[in-house]
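Residue numbers (the numbering used here), protein chains in the order written: chain A, 1 to 235; chain B, 1001 to 1173; chain C, 2001 to 2383; chain D, 3001 to 3452. Where a beta carbon is used, it is the ideal one built from N, C-alpha and C, also for glycine.
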Amino acid sequence: MSILGGGIFKGMAVTLRNFVGSYFYKERLTTNDYEWRPDGALPQSIGDYPKEEGEQLSDTTTVNHYSRNFPMLLHDTGEPMDTIRCVACQICERECPPQCIYIEKSTEKIENADGKPQFYPAKFDIDVSVCMSCQICVEVCPFDAIVMNSQFELSTPDRFGGLLVRRDDLLKSNDYYHKIHPQEAAARDQKMADDKAAKVAKKKAAAEKAKAAAEAKAASAAEAKASEDKTEDAE
Amino acid sequence: MTQEITFWVLAVIAVLGALVAVRRRNLIHGVFALMIFFAALSGLFLLLLAEFIAAVQILVYIGAVGILLLFAIMLTERVTGDDARDITSRGSFWGWAAALAVLVFLLLPAIQSADLAQTTQPHNPSVKALGQQMMDPYVITLEVLALLLTAALIGAVAASQGGEKTKEDIDDA
Amino acid sequence: MSTATAPNYELLQQEGLETSLLEISMGPHHPSTHGVFRMDVKLDGETVVELRPVFGYLHRNHEKLAENMTYLSSMPFTDRLDYFNSMTNNWAYALAAEKLIEVEVPERAEYLRVIMAELTRLVNHVTLVGFFINDLGALGTPLMYAFREREKILDLFEQASGARMMCNYFRFGGLRNDVPEGWLDRTRELVDRFPAFLDEYEQLLCENEIILSRTQGVGNLSRELAINAGITGPMLRASGVNYDLRKVDAYGIYDRFKFRVPYTDGDTGDCYDRFMIRMLEMRESVAILKQALADIPEGDIIGKVSKVFKPKPAEVYGRIEGPKGELGFYLIADGTTKPYRYRVRPPSLINLTVLRDMCLGGKIADAVIILGSIDIVLGEVDR
Amino acid sequence: MSFELIKDILIATVPLLVIFPSLFAFTTWMERKALARIQNRIGPNKTGIPCTRIGLFGLGQPAADGIKMIFKEDIVPRGADKLFHLLAPILALIPAMLILCFLPLEFPWGKFMSAPVQAFLLDSAVIFFFAISGLATLAIFMAGWASRNKYSLLGGMRAVAQMVSYEIPLVLSAVVVVMMVGSLNAKEIADAQTGFNWFVFTPWGLAAFVIFFIAALAETNRSPFDLPEAESEIIAGYFTEYSGFKFALFFLGEYIAMFAISGLAVTLFLGAGDGPFLTAAPWLSVMWFIGKIFGLIAVMIWLRGTLPRLRVDQLMAFAWKFLLPLSIFNILLAGLTHFALDARVAATSDAILYSIHASHTHSDAANHDHPKPVAGQKEAVMGALHYTDKDWMGAMKWFSKAALKGHAQSRSILGWGFGIWAMSLIVLYVMAKGLDNVSRSTAKPREYLYAE
């Protein structure tokens, strides 16, 4: 035998508790009462509130190493086009789920940061109006050339051209990457260094092996090297 | 002076409302015009200091009869009446004549017998007095009326549900 | 099948009184159709005489798209199926694809998968209850409380995966990345606090006389019809069938956890049962989460698997107990990098098929809450 | 004479036309703020003084809303009845404003009037109140019909059915008070409750108040009876095709109706302008009145933040199967308790008065044998005097003082009074519980099975 209207009164007690509690316990609130900007300015335009590129607006509860917005191309320290990592292998273009990447491979090779000749993207466009920030391009890139930016203020009055980001705007330095994603960038650098060391070791081993083999059979050794190069290109 | 102005304003509204209610093709407009007429009439009652009648006029005629009419009209089709044929035009002259005759017949005795000097005296029958009258000398009349209305109500319910029952009975048989 | 079990409703036609039906098209932009869904309803007064669900407004060609891209590229699109539960969608797809390439999932990844899935279940159920009460006509108070809790869980998702709703976190053979430092502690804190919130939620809703009389006896779904129509998930359990893929399949590592599956005796199977089963399931999810968070080991997060692969020709079906029901992915591999056939078994769509049977003869307000209690997401219905 | 009359009417009405719309603006702010806090949000907090950053807790929000409403495009659907579409919001506002006149508000500027305006002291104010508040139904019907929209029409039909049904328990619960006071005059009803003799403290008054409040919620289309504007079912009901200023007028009408009906509840049950410190500051009376109105509106907001809405058949069943029998039974009970109290308490208090009178005459006639005054006799007499004045709150105070001193008759009166009071409450509760069981299908929480 329940009290007449007992459930309603119970519910009303809950809402009353929330009503009072919302004044005393901040964790009850669904929204945060944001303050005006410390410099006292009203936000006049969209570009107003993140003062610098990469400035984190989120508070301490959402420390976010994995935040991803739109991709950017990485270059090492130096002039962007001299140190670009991308070799225009077009894997990301093929794997991109919404197919928002457009790459044109260069016809001639340039020297990369290590002084090795490589192809480079003559065109590298990302249509950020199509991009869905899935990070698949970052995962499939064998050269760690494409990573996610955290810049989100991309609003523009131009609906088509304004949202098509060109190669030169996509290129960002590794230092910038370290600034926006310190942990991830450090890990990536570490991995690249390890890969390089492994590659060097492998190459050394291969070279030694080849040398040994060359002594025995020069012709077959040359063939083996050629095939290795081929697989590397395919990757 | 104020009273006279008010009277004339209310009277004009009442007559206009009544005319619109009769002449308007759109049934819903007609009903609302009728309600304006009722409201003006209630105002006239108030002017005569018959406030209880005025309240009842609003309560019953606008609140109940009006809503009932609206519900009845909702059940009909072609509410706007754009394509309704004008079926009263042929007997128009005789209709006017008959209406005028009835008006004269009803109003003449009242005008002849009215003692205008007497009616100008404001007489305010208080609601309390009215209630006491109803509860004391006319209590049996009131009760009988109430009984009659209740019987009518029950009858209406029975009539609206009776058809179904007989149908079931027929189905059973 | 469905029409045979529908309540035999006859329009009350009395002699001499002809009434006409009122036809209204509820949707596709109606406040309570949970997206772009339409119900063509014929009303006799307020009673639903005929109901025809119309959907497809949100069709995005999900399956055909997936057949034209590599296996990995489809992963972010699965987020967009049931956009409330991207984590479980990911898992179902990963489970199917893992059967193709036979990869070992590391222990830590398995635990994290369970944690993510159960957090997703909490998100789904808590907001569903909020929306359901909103459909009943409350002013969004339970919904706001639900959104507050959902927000905390979404924050956790964001910290782990980088996105709040389109997580895209699962990979074949594990997860995309490990959770950041301190994430597990924050999750433990949230899980410890959650029962207190559930207590308050239950106190607010479960005994309210209006909710009881609005939901009980409304939208009854019999056990037979539920089984015949292929209903799964909480809706099936509310109709009295004890069937939970976490117990039946024990996919992942669900056999390691102690939890109970709430279900009814099948007498009613009405909106109240569907609502309560979800309330009770949240408690069980919390129990699973507590165990998983206590036992989670250190270690690798993803098995050895290449990003682009060519599986041998095969035919697989991976299914999980999603928050809305059995979510399955059916893949046919033809030896290329793309699936030959890619098919989703969406619980929302299949649970929606009994809508008409449950709504006929009820009031229009009932139709709204029945739709709410089915728990659909149009992204999944239309794909 | 006529100039005086016009001046009086202006003094009486213009403040009402100013005060209540501004209170409406305040109430929208209050409602948004309270609902926000119930939902653990903050609510409007930035809209304060324009062009500054002074938020004033968002008090500028109603003004901003109003400006927005005025400048919005006024959309009339094609095929709608343009005249009625325009008239409906106006017609919704007029009766709501009109019935404010019948509230016994005693504004301090009343003393500038040469004579009390007749309309305020209508003998049948309560009847007028119900008669005119019923007109809002027509406006809603008009809006629903004129919009040429099926959702609007459904909303309009729901509104009419609901308001017609709930008017009956509303009137019947007011009848109890009218019966006890013996007058339909709002002023007399208010005067009968001075000195905390609020009718809500009596068992029948409490029941009638609860019924009245529930029916008032339905009359003003407030949650949980907001079916005519049920957004999850019929978009916005009869509002669906309204925008801009017409919508604002509807909104205003609805809130003014809320004020009016809360005002009537305050007049009938909560002692009108009665409250503490009135002898020191009579102008407080109107503050108490408006404060009580706001108390009731706060409860309405609280309910709105908590409850979902009823279904249409349950709504009707609740009115006809629960509220109507209960209010009729309440009338019967009010009569019975009145007679029972009269039979016992009045007789006893008469006996007290008679005994003191007798002892006085006795002592005057024969000056020798002073009868020892019974302890507490004085207080009992005071109580009896208060009782004959129908000030039973004061009577209870004096009688309990007497009873504390051991006055037997006072104890018997108190026993009877409280006994009848408690008995009536129990009877009413049992009646309500029984009606609830009969009228509502048995819905109760269920037990669930678990599979390991």
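- Identification of residues in the stretch 2135-2155 of chain C having a C-beta nearer than 8 angstroms to some C-beta of chain A yields Thr2141, Met2144, Tyr2145, Phe2147, Arg2148, Glu2151, Asp2155, given in sequence order.
- Under the 8 angstroms criterion on CB atoms, A:Met81 is classed as non-interfacial with respect to chain C.
- Residue environment analysis places A:His181 among the buried positions, since at least 16 neighbouring C-beta atoms fall within 10 angstroms of its C-beta.
- Taking a contact as a CB-CB distance under 8 angstroms, the pair C:Ala2365 and C:Leu2051 does not count as one, their CB atoms being some 13 angstroms apart.
- A:Gln90 has a beta carbon lying at 8 angstroms or more from every beta carbon in chain C.
- Using a Cβ-Cβ cut-off of 7 angstroms, A:Ser155 is close to nothing in chain D; its nearest Cβ partner there is about 22 angstroms away.
- If you look at D:Ser3410, you'll find it in the alpha helix (DSSP H) that goes 3408-3439.
- Under DSSP, A:Phe124 takes part in a beta bridge, and its partners are A:Ile103.
- Residue D:Lys3246 holds the alpha-carbon nearest to the alpha-carbon of D:Ile3070 among D:Lys3246, D:Ala3380, D:Gly3434.
- If you look at C:Met2235, you'll find it in the alpha helix (DSSP H) that goes 2234-2238.
- Around the beta-carbon of C:His2059, fewer than 16 other beta-carbon atoms lie within 10 Å, marking it exposed.
- Taking a cut-off of 8 angstroms on C-beta distances, the stretch 3071-3088 of chain D touches the stretch 3131-3148 of chain D, as three or more cross pairs fall below it.
- What D:Thr3027 touches in chain B, judged by beta-carbon distance under 8 angstroms, is nothing: the nearest beta carbon there is about 27 angstroms away.
- Under the Cβ criterion of 8 angstroms, C:Glu2298 is not counted among the residues facing chain A.
- D:Ala3451 carries a strand assignment under DSSP once its states are collapsed to helix, strand and coil.
- Contacts between D:Lys3444 and chain C, judged by CB atoms closer than 7 angstroms, involve Leu2212 in chain order.
- The straight-line gap separating the alpha-carbon atoms of C:Ser2074 and C:Glu2281 is approximately 30 angstroms.
- Using beta-carbon distances, C:Thr2127 does not count as an interface residue toward chain D, since no partner is under 8 angstroms.
- Among the residues of the stretch 2196-2229 of chain C, those with a Cβ less than 9 angstroms away from any Cβ of chain A are Glu2200, Tyr2201, Gln2203, Leu2204, Leu2205, Cys2206, Glu2207, Asn2208, Glu2209, Ile2210, Ile2211, Leu2212, in the order of the chain.
- Nearest neighbour of C:Leu2245 by Cα position, chosen from C:Leu2143, C:Pro2313, C:Ile2320, C:Arg2193, turns out to be C:Ile2320.
- Per DSSP, the unbroken beta strand (DSSP E) holding A:Met72 starts and ends at 71-75.
- Taken in chain order, the members of the stretch 3123-3155 of chain D whose beta-carbon sits within less than 8 angstroms of a beta-carbon on chain B are Asp3123, Ser3124, Ile3127, Phe3128, Phe3130, Ala3131, Ile3132, Gly3134, Leu3135, Thr3137, Leu3138, Phe3141, Met3142, Trp3145.
- Counting C-beta pairs closer than 8 angstroms gives fewer than three between the stretch 3249-3263 of chain D and the stretch 3193-3208 of chain D, which falls short of the contact rule.
- The alpha carbon of D:Gly3271 has as its nearest neighbour, out of D:Arg3311, D:Cys3101, D:Val3181, the alpha carbon of D:Val3181.
- Look at C:Thr2078 here: in three-state DSSP terms it is helix.
- With a beta-carbon spacing of about 14 angstroms, D:Gly3376 and D:Ala3395 fall beyond the 8 angstroms limit used to define contacts.
- For A:Asp175, the uninterrupted alpha helix (DSSP H) segment begins and ends at 174-180.
- With its beta carbon at least 8 angstroms from every one in chain D, C:Thr2336 lies outside the interface.
- Between the beta-carbon of A:Tyr66 and that of C:Ser2161 there is about 6 angstroms, and that keeps the pair under the 8 angstroms contact cut.
- The alpha-carbon separation between A:Glu215 and A:Glu111 amounts to approximately 33 angstroms.
- Taking C-beta separations shorter than 7 angstroms and ignoring five residues to either side along the sequence, the partners of D:Gln3193 in its chain run Phe3199, Gly3271, Ala3272, Asp3274, following chain order.
- Shown in chain order are the members of the stretch 3160-3178 of chain D whose Cβ falls below 7 angstroms from a Cβ of chain B: Val3160, Val3164.
- Contact check between the stretch 3056-3069 of chain D and the stretch 3220-3231 of chain D: fewer than three CB pairs, one atom from each, fall below 8 angstroms, which does not count as touching.
- Taking C-alpha positions only, B:Ile1140 is separated from D:Phe3329 by approximately 23 angstroms.
- The C-beta distance from D:Ile3211 to D:Ser3165 rounds to 13 angstroms, too long to meet the 8 angstroms contact threshold.
- Within the stretch 2229-2245 of chain C, Asn2242 place their CB atoms closer than 7 angstroms to a CB of chain D, listed in sequence order.
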